[in-house]
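Under the working numbering, residue 285 is the last one in the sequence shown; the count climbs by one each step, no gaps.
Cβ coordinates follow ideal geometry from the N, Cα and C atoms, glycine included.
Okay, so here's the structure we're looking at.
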Amino acid sequence: MQIAKTASELKAQIKQWRQQGLTIGFVPTMGNLHQGHASLVEVAKQKADKVVVSIFVNPMQFDNPDDLAIYPRTIDDDCEVLTALGSDLLFLPTPEIVYPNGLEGRTFVEVPKLCDMFCGASRPGHFRGVTTVVNKLFNLVEPDLAVFGEKDFQQLLIIRRMVEDLFINVEIIGAPTKREPSGLAMSSRNNYLTDEQRTGQAPIIYRALKLIRDEIKGGNLQFNALEQAAIDMIDQAGLKSDFITVLNGQTLEPAKEQDRSIVILAAAFLGKARLIDNLYFEY
Ligand code: PAF
C-alpha cells in the first residue's frame, strides 16, 4: 500500500490511475480502524478498481477540545489493517494540508436543518466540520464512489444531501453497521469503555432499538411512549440517554402513523463515551 502525505503525491497517483482508465473508490476515516471500517474498505474494493483510504482526525468536527485530544490515534496498527485488506493508497494529510489558511475564518460547507438536529444539536458545529472536510477530501481524491457506514445514519443522510445539492460527481454508498456479538455497534469510541461497560451495559442500546422496532411492526404506533420506555430502559442500565427518537427514515421528521420507512436514532453517554446507534426498517 502506498502512503501519500501531501496533496501532490495523492493527485499524482490518482492521475496515473485515471490515465489507465481505472475507477477509484474512497473511504474517508479518522483512523483507529476496526471491523466496521474494514467492511467499508471491502465494499469499496468490490465496486472500484483502486481503493483510497484517508485517515485524518478532523479538528473541525470536534466541539470539545478534550475529545479531540483523547481521540485514539493508532496509525501503525491502522496501516497493518489496511495493507491486509488490500487498500491501494492511504492518504494521511496534516491539518495544515486540509486547512491551508488555518481553522479560523475557514470556508465551510453546511447542510442546514439536517445538520442542526439530533447529533447536530448535541454537538454544535459537528456536522459542519464533517461536510466541510468530506467536501475537501472529495475535491482532492475525486473518487467515483465513496463508502460511509450506516451506523452514522444522520451523517450519511447529510452527505447524500450535500452531494445532491452541490452536484458533486460521486456515488455515495452506505454500508451496513457491524456489531459486536453483544449487538453493540462497532465504534472507535467503544475503546473508551471498560469491559463491564462494553459487554454488560452498552448493548442495552441496540436491545432498546429492537424493542421499539418490534412494537411498531406489531402495530404499536404510540411513538412517544415507545421512546420514553426505551429511554427508561437505557437509563436504568446506568447509561444517560441523550435521545431516542422515532423518525421518518427519509426526512428525519418525527414519524407519522402512515410512514412506512422508519429510522430510530439513539445516542447515550456511558463513562467517557457518547455512543450512537440506529435501526432503519420498512414495513
Ligand atoms: O465518520 C467519520 O469517521 C468522519 O466523520 C469522517 C466521515 C471521516 C469525516 O471526518
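Under a 10 Å Cβ-count criterion, residue 96 is classified as exposed, with fewer than 16 other Cβ atoms of the shown protein chains found around its own Cβ. In the DSSP assignment, residue 279 forms a beta bridge with 268. For residue 32, the CB falls within less than 7 angstroms of some heavy atom of the ligand PAF. Of the candidates 62, 193, 189, 62 places its Cα closest to the Cα of residue 127. Here residue 221 carries a coil assignment [DSSP, helix/strand/coil]. Cβ neighbours of residue 270 within its own chain (closer than 7 angstroms, five residues either side excluded): 207, 236, 241, 242, 243, 244, 277. For a cut-off of 8 angstroms, the C-beta gap from residue 146 to residue 27 is around 7 angstroms, short enough to register as a contact. In this chain, the alpha helix (DSSP H) harbouring residue 71 covers 67-72.
For residue 141, the enclosing alpha helix (DSSP H) stretches over residues 128-143. Residue state for residue 113 is assigned as coil, using DSSP reduced to three classes. Comparing alpha carbon positions, the residue from 77, 285, 268, 281 closest to residue 120 is 268. DSSP places residue 27 in the uninterrupted beta strand (DSSP E) bounded by 26-31.
Residue 53 sits in a strand when the DSSP states are folded into three classes.
The stretch 133-149 and the stretch 102-111 touch, with no fewer than 3 CB-CB distances between them shorter than 8 angstroms. Residue 132 has its CB nearer than 7 angstroms to a heavy atom of the ligand PAF. A distance below 6 angstroms between beta-carbons, with the five flanking residues on each side excluded, links residue 101 to the following residues of its chain, in chain order: 108. Taking all protein chains in view, the Cβ of residue 229 is crowded by 16 or more other Cβ atoms within 10 Å, so the residue is classified as buried. Pairing residue 183 with residue 140, the inter-Cα distance amounts to about 34 angstroms. The Cβ atoms of residue 218 and residue 264 sit closer than 8 angstroms to each other. Of the heavy atoms belonging to the ligand PAF, at least one sits nearer than 7 angstroms to the Cβ of residue 154. Note on geometry: alpha-carbon atoms of residue 216 and residue 266 lie some 12 angstroms from one another.
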